[in-house]
Each structure stands twice: as C-alpha cells, then as structure tokens.
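Here the protein sequences line up with chains A and B, keeping their order. Convert by adding 12 to the 1-based position in the first sequence; the result is the number in our numbering. Convert by adding 298 to the 1-based position in the second sequence; the result is the number in our numbering. For glycine and all other residues, C-beta sits at the position ideal for the given N, C-alpha and C. Fair warning: this is a prediction, and the values are worked out from it, not measured in the lab.
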Amino acid sequence: MTTETTYNFAYLDEQTKRMIRRALLKGIAIPGYQVPFASREMPMPYGWGTGGVQVTAAVIGPDDTLKVIDQGSDDTTNAVSIRGFFARTAGVETTTRTEDATVIQTRHRIPEKPLTEDQVLVFQVPIPEPLRFLEPRETETRKMHALEEYGIMHVKLYEDIARHGHIATTYAYPVLVDGRYVMDPSPIPKFDNPKLNGSDALMLFGAGREQRIYAIPPHTRVDNLDFEDHPFEVQSFSQPCALCGSTGVYLDEIITDDTGGRMFVCSDSAHCEEQRAMKPAEA
Amino acid sequence: MPHAATQDDETPLLRVSGISRFYGSRTGCRDVSFDLWPGEVLAIVGESGSGKTTLLNCLSGRLTPTAGVVEYRMRDGQMRGIFSMSEAERRFLARTDWGFVHQDARDGLRMTVSAGGNVGERLMAVGARNYGTIRGEALDWLERVEIAQDRIDDRPDTFSGGMRQRLQIARNLVTGPRLVFMDEPTSGLDVSVQARLLDLLRGLVSELGLSAILVTHDLAVARLISHRLMVMRQGEVIETGLTDQVLDDPHSAYAQLLVSSVLQP
C-alpha cells in the first residue's frame, strides 16, 4: 500500500500530533482526568469518531497494524472508512484480527479477546463529562472533579433504582479511576466495564467535538460505582450466539424479518468469525 | 447545682466582624458585625435593596466580602475563618454542617431528580452507599416535613410551591446541620401555606436545636420565628435587639416607619 504524498503521515501535521501527544501524556499521568486539547477539524462529521481518529493519528507509526471496530463490528461504514483513511494517509497495515493489531480504534465496544501489553485501545467519545446531565455547568463540573465531589453521580444511580428497581444504566456506566477521578468510559456496554480494570493494554479516549482527551494506563484500578445493596452487575444473555454458539460474550439483537423474527449474534464480528472457523463445518 | 459552663456557652457559633461588600462604587452592605449563638434564630429585615441578601450570601460563603471576617465554630470547637479555609473545606462545610434555603425552590432543588434523590443527595455526597438506608432516611424526612411518603419517587416539578419549599428544607436538614441560612423562605407562598411552613420551621428549629439566619421583608415572619432581629437600610444595620423588643418599641425612625407600615387586618 502506498501513502498519498499530498498528505503528511497519518493526515495531521507534526505540530498537531505533538500537541495531541502532550495531552495524551498528561492524561496518562493523571488517570481519568480530562485533558483539554485543541481538537482539529477532521474530514468526517463530528460524532463519527473525530476524537478517536486524532488520537490514533498521534500514536500510530509506520510499523503499526490498525484495527477499527464500530459497535464491535469490523465491517460497518464507520469502521471501514476509518481503516481506509489510515491505509491511505499513513500506509499502515490494517487487520480485523484482534490479536494482530497493535492499535485498535473502537466505538462502543472492547474486543472479546483479552488485550495485551503491546496493544493500544483508542476510544471514540461523544460526551466525556460523566456529570454533564446532572450538572450542566462546565465550570461547576470541573470544580466538582477538582474537589472530588462525586455524590451526585450516585444520585443518578439512586434515580435508576427508584424508578426501575435496579440500576438501569447499561452503557456509559460511570467508573472511578485509580480511586480518584470519576470517568465516563464512553458508551461501551457495562458488560465491557470489568475489562477496563487492570487492563494490560493502554486505553486512550478522544472526544473531538468536546476537545477532551483522557486515558487509563495499563494495570490501573477501575471501580464501577454502585450501592452496597445494589452491586454492579453486567448484562447476561440467556442464549448463546446464534452463529458461532459462543457464550459469555456480548450479543446484538438482529431483526431478521418484519414478522417478529430475531436472532442474537456476537457484537464482536472478529470473535464470531474466529469461533466459526474453529468449529468443524456442519453438514 | 451550678450550671456547668459548656463550650456552647462560651463561644458563639458564628462570629461576624466588619463585613462589607461593595459593588464598584455601590454599597451592598457595610461594616456589619454580630455574634450568633447556638440555637439562636436571627432575622434580618429591611426593605428591598437594603443589602439583606448580599449580607446573607457573604455570611454563607457564597459571596466573598470586600472586607471583614466571618468565623465559624467547627465541630471540634475551633473557630475558623470561612474565607481563610480552602474552597474544598468551605464547600464541604456548606453541604454538611450548613443548610441554605433559597427563596425560589428551583434554585435549591434538582428539579429533574425525584424527591427521594433530592433528599438523599447530601447523604451520598458524604459517602452513604447503601440504597436502603438512604431511602429510609429520605422517607423519614419527607414525613417530618409533611410530604406524603408515596410522593418519594415524584419529581419536584410535580409539587406545589409549599411542598417544594418543604422538600428543600428536608434536603438541607438531612445531614443534621447546625446552622441554616434562609433567604425569604416563605415569600411567594399563600398565607395559609406560609403559616404551615413557619409552624414546621419553628418546630424543627427547636427540636433540632438549630441556629438560623433568616432574611425576610415580612415582619410577621420575623416575629413568629426569630429570637433576635437586625434591621437593615441602605446596606447598614440601623437597629438590632430582641425581636419583640424591636418590633414593639422601635427606636430608629426607619424601624418605626417599617413597623407602622405593616397592614393590620
């Protein structure tokens, strides 16, 4: 694959990448802390991963192999176009196999396969501020982070239990990073939250429109907020994946016709394909 | 048996010395000093624009005064200047040992959070992590402020003005504060609801041994609830004394005018 010579490596100019790397270093030094950065206009709309793309552009090197997933899937528009973007502007290898990738950009999922120390996971973040919906003033939420005033986060969970009888927050479930900062793990299902805790891989979060970067360094403690009498629980599924038969993975509901037909399949398409390849072909 | 002098008798809960606040060349309040003792309710009265609310905001740390010192006796008995402590300490104090009842309940409540969540917020802010306990406490406080317990999961925007004000009081008192600031808590309510709220407040204040500073323009409210009265005009305190004394026998011309201008039904 060749790089288009009209672009600098990985699209962004070197000064911009340097600025983003400084924000990343600060974010890694203060786990869970939202570092402001001068987010650039990217050739894609906000909400399509402009933050994640900038972070990926800042950390990727010519020897890296990139995987991009959108809701766990490698073959949706967003994933294909971002993969194509870096193949063109950086000339890097791309893959759909989790274990082959060194940089994985993701929207809304963490791959089922455990990540290793050699991998970097880059999240696309729409709203980095976990306190936003309870306290709309940015000046106030920053102060609350600074002074560790996080009681209000539990008010949200209290409301869930009061209304639904259990904690009904299923995605973007708030976490406490390294015992200090409350962080929004981006809209991943809470099924993936345990994978944040003590992860071997470096996790970077980029919010383009909101101009914030934050990070969870490897082997960092990440706790899920909960109540003593209503502890944190992940979703469980009553049936295995309809395609590969995997259990203990996150499933998507697929509507198959307009008469109520549906099936549950792995949201992680790479995992699903691998499982199906391992199984002997059925008659 | 001689009464053993406790610390409560020796030092005031709040000591205010020379508080002034200027807005550019205008005066908010000028050179206000007083002591507030435990269990005492102080009313600040005066006409609109006399500096009552500015003073209250300075006392409660919501506004930094131009000059002067406000000292508060912490639970360990130490007098601490509230503007010399860190912002973190001040905010912690404000949501544990103090309460602030706003004139408009919308300012003091989270309108999109249920009544139970509103009452429980302060508990969760100081580390309560047991849903059952928090809810039990919220139910208890709703009952104490005469809100039906089955309204616990309703949002305050479905409440009447009087209920919102009572909910605001419950939300403030749940952490057992020792000092409550109130900014016109009864204005904007109709007369019968006002009377009920005042009754409730008076009951809670005496039952819990609260100290309170109450800003009001309504002399009847001051008469009902406060022990001591401060009359303000143009940013200055022009008369101070026991409530009944000031209202029955006002000395300054302005206080006389104020007292005589109250309509007698």
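Q) Just reading off the alpha helix (DSSP H) that Glu-338 (chain B) is part of, what are its end residues? A) That residue, Glu-338 (chain B), is in no alpha helix (DSSP H); it is neither H nor E in DSSP.
Q: Taking Val-411 (chain B) as the query, report the chain A residues whose CB atoms sit under 7 Å from its CB, ordered along the chain.
A: Val-167 and Glu-171
Q | Given Ser-198 (chain A) as reference, the closest of A:Asp-190, A:Arg-192, A:Ala-227 and A:Gly-210 once Cα atoms are compared | A | A:Ala-227
Q) Candidates A:Pro-148, A:Gln-131, A:Asp-172 and A:Phe-203: which alpha carbon is nearest Arg-433 (chain B)'s? A) A:Asp-172
(Q) What would DSSP say about Val-277 (chain A), mapped onto helix, strand or coil? (A) strand
Q: Could you tell me the boundaries of the beta strand (DSSP E) in which Gln-136 (chain A) lies?
A: 132–136
Q: Helix, strand or coil for Pro-252 (chain A), going by three-state DSSP, please let me know.
A: coil
Q. Given that Tyr-429 (chain B) touches chain A, what residues does it touch there, using C-beta distances under 8 Å?
A. Tyr-170, Ile-173, Phe-239, Glu-240, Asp-241 and His-242
Q. Can you tell me whether Phe-217 (chain A) is buried or exposed, with buried defined as 16 or more other CB within 10 angstroms of its CB?
A. buried
Q: Name, please, each residue of chain A whose Cβ falls closer than 8 Å to the Cβ of Glu-568 (chain B).
A: No answer is possible for residue 568 (chain B): it lies beyond the span of chain B, which begins at 299 and ends at 563.
Q | Leu-255 (chain A): contacting residues in chain B (beta-carbon distance under 8 Å) | A | Within 8 Å Cβ-Cβ: nothing; Leu-255 (chain A) doesn't reach chain B, min ~39 Å.
Q: Would you be able to state if there are at least three C-beta pairs under 8 Å between the segment 402–420 of chain B and the segment 164–180 of chain A?
A: Enough Cβ pairs lie closer than 8 Å, so yes.
Q. Counting contacts by CB-CB distance shorter than 9 Å, is Lys-155 (chain A) in contact with chain B?
A. yes
Q) Would a check of beta-carbon distances place Met-422 (chain B) closer than 9 Å to chain A? A) yes
Q: Determine whether the Cβ of Leu-146 (chain A) lies closer than 9 Å to any Cβ atom of chain B.
A: yes
Q: Quick one: grab the DSSP three-state call for Glu-537 (chain B).
A: It is a strand residue.
**Q.** Inter-residue Cα distance where the pair is Leu-496 (chain B) and Arg-420 (chain B)
**A.** 24 Å
Q) Of the residues B:Cys-327, B:Gly-322 and B:Tyr-321, which one's Cα is nearest the Cα of Val-529 (chain B)? A) B:Cys-327
Q: Could you tell me whether the segment 55–66 of chain A touches the segment 89–107 of chain A, where touching means 3 or more Cβ pairs closer than 8 Å?
A: yes
Q. Which class does Asp-329 (chain B) belong to by DSSP, given the choice of helix, strand or coil?
A. strand
Q. By the criterion of Cβ-Cβ separation under 7 Å, what are the contact partners of Leu-143 (chain A) in chain B?
A. Neighbours of Leu-143 (chain A) on chain B: none; closest Cβ ~12 Å, over 7 Å.
Q: Report yes if the C-beta distance between Leu-334 (chain B) and Arg-319 (chain B) is below 9 Å; otherwise report no.
A: no
(Q) I want to verify the contact list: residues of chain B whose CB lies under 7 Å from the CB of Leu-216 (chain A), in sequence order. (A) Ordered by position in chain B, no residue passes the 7 Å Cβ test against Leu-216 (chain A), which lies about 30 Å from the chain.
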